[in-house]
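Note sheet for the following structure.
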Amino acid sequence: MSFETRLFINGEYVESSSGEYLTIRNPTDDTLVSDKIHAASEVDVDNAVAAAKAAFPKWRDTAGHKRAAIMLKFADLLEKNVDMLASLESRAMGQPISLAKRMILGPAALWRYYAGYAGKVSGESFPPDEDGTYKIVQYEPLGVCAGISAWNGTHVLSAWKIAPAMATGNTFILKSSEKSPLGVAAYGNLLNEAGFPPGVVNIIAGGGKVGALLAYHMQIAKIAFTGSAAAGRKVMEAAAKSNLKHVSLELGGKSPALIFDDADLENAVEHSSTSFLRNSGQICFAASRVLVQEGIAPKFIEAIKTAFEKAADKMGDPSLETTAFGPLADQAQFERVMGFLNDGKAAGLQYLTGGARKGDKGTFVLPTVILNPDVKAKVYTDEIFGPVISIKTFKDEAEAIELANNTTYGLGASLYTADVARALRVASKLEAGTVGINSAFATSPQTPFGGHKQSGIGRESGPEGLKEYLQPKTIHINMNVGKK
Ligand code: NAD
């Protein structure tokens with residue numbers, strides 16, 4: 001299967017002027033996928049910015065219904081090309097094909113959601129009172145915006161950024177992750193077919209160096225970043241040191257799941273195993289700290305061990321429709337996760353099940369359960385971003401909330417109980433941007449997604465996501481001028 005490896009700038013595929021390439025190996029068997037993925041240079045970044053800047057005035061002034069029609073067509077094309085896009089994603093970072101398809105159909109729905117907003121962003125007006133001033137507030141696009149993506153759900157992360165920017169009349173440059181550039185590199189032809197004018201959306205590839213070029217760029221009005229807290233900090237610093245561009249950050253998490261004695265055990269186990277292990281645990285809001293009330297703990301621990309062992313049987317070649325769980329994204333991610341597990345073992349932590357899968361060339365880590373780590377253990381405090389949960393027990397609601405909030409992160413949380421009043425009471429006290437009750441959290445186009453504390457700044461998705469691409473302008477009119 002041939003695929004696009006070039007940059008998409010000003011409506012055309014172009015070769016990188018850097019002569020630098022990214023290499024992608026298939027994490028399933030370490031075979032080479034490509035060592036010729038064009039990485040953008042400073043000149044390429046400048047060209048993309050210039051194209052987006054030139055395209056901005058016309059795109060901003062294009063009637064909302066026309067922009068919506070283009071966005072809707074693009075959503076249709078995502079759906080039509082779902083097999084090709086999913087296969088590229090799966091080859092690059094090992095996502096099971098069935099999940100990869102869902103993670104393209106979800107973004108298609110998000111594009112449609114935001115298409116509905118094109119041309120419908122209204123403002124406010126205040127007729128004059130005794131001050132004799134007529135006041136208007138209008139909401140305007142920012143101009144050239146850029147997105148920097150992580151690799152674990154490229155199409156979702158891209159849609160969260162590009163679609164609201166399009167609905168509000170901005171133009172865009174997306175930098176894909178160096179681990180998963182293949183799927184979005186194919187967007188160029190689809191963007192053209194949908195009818196986006198040249199320069200409105202540009203897609204470039206490259207590593208942190210290219211991300212930094214965007215973050216420091218003087219002509220970019222906003223950066224929407226998804227990735228680690230460490231790189232997010234650098235993006236904010238770059239914005240401060242350059243043109244004080246707007247910044248939104250979607251960062252990591254160490255999300256808790258709270259399971260109370262009265263919870264539906266089967267449901268809590270299902271969400272703490274199958275839902276958690278989706279994408280091999282490489283989901284930013286996956287609940288990796290499982291806190292279980294003492295009464296239900298013995299049964300829960302036994303059931304989760306069985307569920308994790310069964311999940312290991314469904315791990316395999318991600319290109320097969322029957323595979324539920326694939327390898328980790330690449331060798332570096334494998335080494336990162338195994339580093340945590342080996343350190344934990346050396347520190348005497350108790351592992352119920354899991355570890356590296358032996359006897360293959362892929363980056364497979366078996367679903368792993370760690371029992372009762374110390375609250376200061378690295379496996380418990382740090383984001384592992386793999387198929388690893390830590391289980392701790394608690395006595396009562398107060399202790400559960402204290403344990404849950406004892407983290408610098410605040411991206412997600414979930415809680416399981418039959419008591420509705422308790423569910424809402426606890427949800428209000430959890431320091432997290434998203435909470436799932438009796439379910440692992442799942443995103444929706446209608447609701448905002450983002451973090452409290454050090455999990456991020458700003459929101460993507462929902463009406464809140466739209467506001468990230470708008471700036472208010474206040475216009476005051478003196479109604480008394482010339483009045484006799
Ligand atoms: P990463 O920080 O290594 O890389 C993310 C992106 O930032 C990549 O495109 C990379 O090239 C770029 N980058 C790296 N250094 C940069 C710099 N100095 N300036 C500008 N760009 C730079 O993260 P990753 O390994 O790709 O992704 C995993 C992380 O992403 C995890 O922490 C995960 O929780 C987080 N994540 C968060 C969300 C969310 O919505 N909150 C979603 C997915 C992933």
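Residue 37 in full-length UniProt numbering is what sits at position 37 of the sequence shown, and the numbering runs on without skipping anything.
Just so you know, even glycine gets a beta-carbon here, dropped at the ideal spot from N, CA and C.
Small disclaimer: the values here were computed from a predicted structure and weren't measured.
P127 classed as buried or exposed, judged by whether at least 16 other C-beta atoms fall within 10 angstroms: What you label residue 127 is simply residue 127 of the sequence shown in a count that begins at 1. By the neighbour-count rule (16 or more Cβ atoms within 10 Å), P127 is not buried but exposed.
Kindly examine ligand 1 and report whether one of its heavy atoms sits closer than 7 Å to the Cβ of A231. By one-based count along the sequence shown, residue 231 stands at place 231. Yes, the Cβ of A231 comes within 7 Å of a heavy atom of ligand 1.
Let me confirm a value: S2 is counted as buried when at least 16 other C-beta atoms fall within 10 Å, else exposed. Which label applies? Counted from its first residue, the sequence shown places residue 2 at position 2. The residue in question, S2, is exposed, as its Cβ has fewer than 16 Cβ neighbours within 10 Å.
Taking the beta strand (DSSP E) that K392 belongs to, which residues open and close that run? By 1-based counting over the sequence shown, the position of residue 392 is 392. Taken as a continuous stretch (DSSP letters only), the beta strand (DSSP E) holding K392 covers 388-394.
Contact belief for I9 with A48 at Cβ below 8 Å, rounded distance in angstroms: Within the sequence shown, residue 9 is the residue found at index 9, counting from 1. Within the sequence shown, residue 48 is the residue found at index 48, counting from 1. About 5 Å separates the two Cβ atoms, so the contact holds.
Which value, in whole angstroms, describes the spacing of the CA atoms of G362 and T407? Stepping through the sequence shown from its first residue, residue 362 is reached at position 362. Stepping through the sequence shown from its first residue, residue 407 is reached at position 407. Cα to Cα, G362 sits roughly 32 Å from T407.
Tell whether a beta-carbon distance below 8 Å holds between L258 and A400. The count along the sequence shown starts at 1 and reaches residue 258 at position 258. The count along the sequence shown starts at 1 and reaches residue 400 at position 400. Yes, they are a contact pair.
From A205 to S17, what does the alpha carbon distance come to, in whole angstroms? On the sequence shown, position 205 is the one that residue 205 refers to. On the sequence shown, position 17 is the one that residue 17 refers to. The straight-line gap from Cα to Cα measures roughly 12 Å.
Check: E178 C-beta below 7 Å from any heavy atom of ligand 1: If you number the sequence shown from 1, residue 178 lands on position 178. Yes; taking the cut-off as 7 Å, the Cβ of E178 has a heavy atom of ligand 1 nearer than that.
For I384, which of helix, strand or coil comes out of DSSP? In the sequence shown, counting from the first residue as 1, residue 384 sits at position 384. Three-state result, I384: coil.
Run through DSSP, which three-state label would Q293 get? Taking the sequence shown and counting its residues from 1, the one referred to as residue 293 is at position 293. Here Q293 sits in strand by DSSP.
Residue burial classification, N152 (beta-carbon count within 10 angstroms, cutoff 16): The sequence position of residue 152 within the sequence shown is 152, counting from 1. Result: buried.
What is the DSSP secondary structure of G354, counted as helix, strand or coil? Start at 1 with the first residue of the sequence shown, and residue 354 comes out as number 354. Note: G354 maps to strand in three-state DSSP.
Measure how close the beta-carbons of I162 and V235 come, nearest whole angstrom, since I'm counting them as under 8 Å. As a first step, residue 162 must be located in the sequence shown, where it is residue number 162. As a first step, residue 235 must be located in the sequence shown, where it is residue number 235. Wrong, their Cβ atoms sit about 18 Å apart, outside the cutoff.
Check for me: the beta strand (DSSP E) holding V369 runs from which residue to which? As a working note, residue 369 is residue 369 in the sequence shown. Taken as a continuous stretch (DSSP letters only), the beta strand (DSSP E) holding V369 covers 365-371.
For A212, is the beta carbon positioned less than 7 Å from some heavy atom of ligand 1? Against the sequence shown, residue 212 aligns to sequence position 212. Yes, ligand 1 has a heavy atom inside 7 Å of this Cβ.
Between the Cα of E178 and those of F308, A150, S90, spot the shortest distance and give me the residue it belongs to. What you label residue 178 is simply residue 178 of the sequence shown in a count that begins at 1. Nearest option by C-alpha distance: A150.
If contact is defined by three or more beta carbon pairs under 8 Å, each pair taking one atom from either stretch, is the stretch 378-390 in contact with the stretch 339-353? yes
Skipping 5 residues on each side, what residues in its chain have a beta carbon closer than 6 Å to that of K135? As a position in the sequence shown, residue 135 is number 135, starting the count at 1. Correct list, in chain order: F126, H476.
Measuring only the C-alpha atoms, how far is K15 from A186? Taking the sequence shown and counting its residues from 1, the one referred to as residue 15 is at position 15. Taking the sequence shown and counting its residues from 1, the one referred to as residue 186 is at position 186. Lys is not the amino acid found at residue 15; the sequence shown has Glu there. Rounded to whole angstroms, E15 to A186 spans 14 Å at the Cα level.
At a cut-off of 7 Å, would you count S455 as near ligand 1, judging by its Cβ distance to the nearest heavy atom? Locating residue 455 in the sequence shown gives position 455, where the first residue counts as 1. Indeed, a heavy atom of ligand 1 lies less than 7 Å from the Cβ.
DSSP three-state label for F260, please. Here residue 260 is taken as the residue at index 260 of the sequence shown, counted from 1. In this structure, F260 counts as coil in the three-state DSSP scheme.
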